[in-house]
Amino acid sequence: MSFFKTPPLPIIIGLNALMACSLISCNPQSSQFALKTTNSTPEPASLTTEAQPSNIQTIMKTNEEWKEVLSPKAYHILREHGTERPFGPDYKKFKKISDGGFHCAGCDLLLFEAKTSFDSRSGWPSFWKPAQDQNVKVIEDLSLGMKRMEVRCARCDGHLGHVFEGEGFGNPTDLRYCINAGALKHESETQ
Ligand SMILES: [Zn+2]
1 MSFFKTPPLP IIIGLNALMA CSLISCNPQS SQFALKTTNS TPEPASLTTE AQPSNIQTIM
61 KTNEEWKEVL SPKAYHILRE HGTERPFGPD YKKFKKISDG GFHCAGCDLL LFEAKTSFDS
121 RSGWPSFWKP AQDQNVKVIE DLSLGMKRME VRCARCDGHL GHVFEGEGFG NPTDLRYCIN
181 AGALKHESET Q
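The numbers in our numbering rise by one with no breaks, and the one at position 121 of the sequence shown is 121.
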């Protein structure tokens, strides 16, 4: 007698497929790219994870202090490594802006510029380079069973998104900084 039967096989397969889709949602070329990143090809110099000389003064706050200054949405992205849904309201607002700089929603550091954004059709803001290399940190991210390169703010260590290389978008660096719109604040919104 068993009250706790396992679900039929097709349901299990369906759930696994759904999980796989959600895990790689920041990457429109999904499984192909996920496979590619598992090889041992060295990262290009622009994606190095080694410490780089920087004169940026870092900001440290406790989670409670961050909660006081960030919206729940920005807190989730920046401090809990959250990912906003694609084509969300912040992305729609982002798409209407064609010039100026985008700053960190946590600490106001200039991170990206509208002139280096491009349309990747992913539903997240995409840039081919940071405003200044030293303003972002790139860290190897081995979570979720994939090798990805995480992008963080160099001043407050807030999670911004990931950077993907070699997708063939035809931009000058062949990089795509895939950034949560909710982690950014346009310069017109900064004091
Ligand atoms: Zn920051």
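Glycine residues also receive a C-beta, built at the ideal position from the N, C-alpha and C atoms. The structure displayed is predicted, hence computed values, not measured ones.
For the pair Asp-99 and Leu-160, the Cα-to-Cα distance works out to about 20 Å. The Cβ neighbour count for Phe-102, taken over all protein chains shown within 10 Å, is at least 16; the residue is labelled buried.
Residues of the same chain with their beta carbon placed closer than 7 Å to that of Leu-142 are lacking, with the five preceding and five following residues left out of the count. Residue burial is scored here from C-beta neighbours: Met-149 has at least 16 other C-beta atoms within 10 angstroms and is therefore classed as buried. Ala-154 is the residue among Ala-154, Asn-171, Glu-165, Glu-189 whose C-alpha sits nearest the C-alpha of Asn-55. By the CB criterion at 8 Å, Ala-181 and Trp-124 fall inside the cutoff. Taking a cut-off of 6 Å from the heavy atoms of ligand 1, the residues with a C-beta inside it are Cys-104, Gly-106, Cys-107, Leu-109, Cys-153, Arg-155, Cys-156, Gly-158. Under the three-state reduction of DSSP output, Phe-164 falls in the strand class.
Between Ala-131 and Leu-110, the beta carbon gap of about 5 Å places them in contact (Cβ cut-off 8 Å).
The criterion of a C-beta distance shorter than 8 Å is not satisfied by Ala-114 and Ala-183. Per DSSP, Asp-90 lies in no beta strand (DSSP E); the unbroken alpha helix (DSSP H) holding it starts and ends at 89–95. According to DSSP, Ser-126 shares a beta bridge with Cys-178. Bounds of the alpha helix (DSSP H) holding Arg-79 are 72–80. Secondary-structure assignment with DSSP links Gly-101 through a beta bridge to Glu-113. Residue burial annotation: Arg-85 is exposed, with fewer than 16 other C-beta atoms found within 10 angstroms of its C-beta. When Glu-189, Ile-179, Thr-190, Ser-188 are compared, the shortest CA-CA separation from Phe-112 is found for Ile-179.
Apart from the 5 residues on each side of it in sequence, Lys-67 sits with its Cβ closer than 7 Å to the Cβ of Tyr-75 in its chain, given in chain order.
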